[in-house]
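Colleague:
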Amino acid sequence: MRGWRWLLVLPLLWLGGFLHFTWNLPRTEPAIEAEADAIVVLTGGAQRLDAGLALLRAEKSKRLFVTGVNADVTKPMMPAYAGNADLFDCCVELGYQAADTAGNAVEVAGWAARNSATRLILVTAAYHMPRAMVELRRRLPDADIVPWPVFPAGGQIEHWWRVPATTGLLAVEFTKYVAALARARLNGLPS
Numbered sequence: 089m090r091g092w093r094w095l096l097v098l099p100l101l102w103l104g105g106f107l108h109f110t111w112n113l114p115r116t117e118p119a120i121e122a123e124a125d126a127i128v129v130l131t132g133g134a135q136r137l138d139a140g141l142a143l144l145r146a147e148k149s150k151r152l153f154v155t156g157v158n159a160d161v162t163k164p165m166m167p168a169y170a171g172n173a174d175l176f177d178c179c180v181e182l183g184y185q186a187a188d189t190a191g192n193a194v195e196v197a198g199w200a201a202r203n204s205a206t207r208l209i210l211v212t213a214a215y216h217m218p219r220a221m222v223e224l225r226r227r228l229p230d231a232d233i234v235p236w237p238v239f240p241a242g243g244q245i246e247h248w249w250r251v252p253a254t255t256g257l258l259a260v261e262f263t264k265y266v267a268a269l270a271r272a273r274l275n276g277l278p279s
């Protein structure tokens, strides 16, 4: 009989955690008090790069690092992007090593160490931010990481339960977030 109880309890725990996760997703962009050493953009949507470039133009930092760039994309292809050739010439660096969020964290940590960057503005989708923060804090425990969420047009975070595709996306992201937390705790690293 005890085994049957766990079959009921585990889904309820997951559902409670999922509701907590969705309730606490970022809904607005934060105020940035001080200039950061770098803006870090995790690839995965055009809005992320747009937001990173806007922060760079607003002088929230003097440099931007884009992690997880597809190997087929070269820096000479990028300057025409949204009319930001001047920024790509002076201030943007592309990273090609990462293939997932954990890899992004490894790539960012290496880049930050080489560039003495300890205060970072992290740009990624709002639904992806909790997991990205866990992974980056694992690799950069002493860094000051300021989250800058972007809100993909199809994301519908405010009313996620009304859009089955968004509900599914958030359910998958929550499950990956729980796995990242578990990995961080098992490794005795900060989460």
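Under my numbering, the residue at position 79 of the sequence shown is numbered 167, and the numbers go up by one with no gaps.
Heads up, the beta-carbon is just placed ideally off N, CA and C, and yes, glycines get one too.
1. Quick one: Cα of Trp249 to Cα of Arg202, how far?
2. Applying the criterion that 16 or more other CB atoms from any shown protein chain within 10 Å of the CB defines a buried residue, is Met89 buried or exposed?
3. Give every residue of the same chain whose Cβ lies closer than 7 angstroms to the Cβ of Tyr215, excluding the five residues on either side of it in the sequence, and list them in chain order.
4. Closer than 8 angstroms is the cut-off here; do at least three beta carbon pairs connect the segment 142-159 with the segment 181-195?
5. Can you find the residues in the same chain that come closer than 7 angstroms, C-beta to C-beta, to Val157, ignoring five residues on each side of it along the sequence?
6. Keeping to the same chain, check which residues put their C-beta closer than 8 angstroms to that of Tyr265; ignore five residues upstream and five downstream.
7. To the nearest angstrom, report how far apart Ala119 and Val238 are at their CA atoms.
8. Alpha carbon to alpha carbon, how far is Arg227 from Gly99? Give it in angstroms, no decimals.
9. In the structure shown, what three-state DSSP assignment does Pro252 receive?
10. By DSSP, does Met89 sit in helix, in strand, or in coil?
11. So, Glu117 versus Glu147, is the Cβ gap smaller than 9 angstroms?
12. Taking the beta carbon of Ala267 as the centre, do at least 16 other beta carbons fall within 10 Å, making it buried, or is it exposed?
13. Just the C-alpha distance for Ser204 and Arg93, rounded to the nearest angstrom, thanks.
14. Mind checking which residues open and close the alpha helix (DSSP H) that includes Ala142?
15. Can you tell me which of Pro252, Trp102, Ala142 and His247 puts its alpha carbon nearest to the alpha carbon of Trp236?
16. Rounded to whole angstroms, how far is the Cβ of Val211 from the Cβ of Gly140, which I believe are closer than 8 angstroms?
17. Please classify Val97 as buried or exposed, where buried requires at least 16 other C-beta atoms within 10 Å of its C-beta.
Modeller: In this structure, then:
1. For the purposes of this step, residue 249 is taken as the residue at position 161 of the sequence shown. For the purposes of this step, residue 202 is taken as the residue at position 114 of the sequence shown. Computed Cα separation, rounded: 43 angstroms.
2. To locate residue 89, count along the sequence shown from 1; it is residue 1. In this prediction, Met89 scores a pLDDT of 47, lower than 50, which makes its location untrustworthy; the coordinate-derived value is nonetheless stated afterwards. Flag for Met89 reads exposed.
3. Your numbering for residue 215 matches position 127 in the sequence shown. If we look at Tyr215 and ignore the five residues flanking it on each side, its Cβ neighbours are Leu113, Gly243, Ile245, Leu257, Leu258 and Glu261.
4. yes
5. Indexing the sequence shown from 1 puts residue 157 at position 69. Result list for Val157: Thr131, Leu182, Gly183 and Tyr184, in chain order.
6. For this step, residue 265 is matched to residue 177 along the sequence shown. Within the same chain, Tyr265 has close Cβ partners Phe109, Pro218, Arg219 and Val222.
7. The count along the sequence shown starts at 1 and reaches residue 119 at position 31. The count along the sequence shown starts at 1 and reaches residue 238 at position 150. Cα atoms of Ala119 and Val238: separation of roughly 14 angstroms, rounded to the nearest angstrom.
8. For the purposes of this step, residue 99 is identified with residue 11 of the sequence shown, where counting begins at 1. For the purposes of this step, residue 227 is identified with residue 139 of the sequence shown, where counting begins at 1. Inspection of the sequence shows that residue 99 is occupied by Pro rather than by Gly. Computed Cα separation, rounded: 31 angstroms.
9. Taking the first residue of the sequence shown as 1, we reach residue 252 at position 164. It is helical.
10. In the sequence shown, counting from the first residue as 1, residue 89 sits at position 1. Because Met89 sits at a pLDDT of 47, beneath the cut-off of 50, its placement in the model cannot be relied upon, and the point is left open.
11. Numbered from its first residue, the sequence shown carries residue 117 at position 29. Numbered from its first residue, the sequence shown carries residue 147 at position 59. Their beta carbons are not under 9 angstroms apart, which means Glu117 does not touch Glu147 by this criterion.
12. Within the sequence shown, the letter at position 179 stands for residue 267. The residue in question, Ala267, is exposed, as its Cβ has fewer than 16 Cβ neighbours within 10 Å.
13. On the sequence shown, position 116 is the one that residue 204 refers to. On the sequence shown, position 5 is the one that residue 93 refers to. One Cα belongs to Ser204, the other to Arg93, and the distance between them is close to 51 angstroms.
14. Looking up residue 142 in the sequence shown gives position 54. First-last of the alpha helix (DSSP H) with Ala142: Ala134 to Arg145.
15. By one-based count along the sequence shown, residue 236 stands at place 148. Minimum Cα distance to Trp236 is reached at Ala142.
16. Sequence index remark: in the sequence shown, residue 211 carries index 123 (1-based). Sequence index remark: in the sequence shown, residue 140 carries index 52 (1-based). So it is a contact: roughly 5 angstroms between Cβ atoms.
17. Taking the first residue of the sequence shown as 1, we reach residue 97 at position 9. By the 10 Å Cβ count, Val97 comes out exposed.
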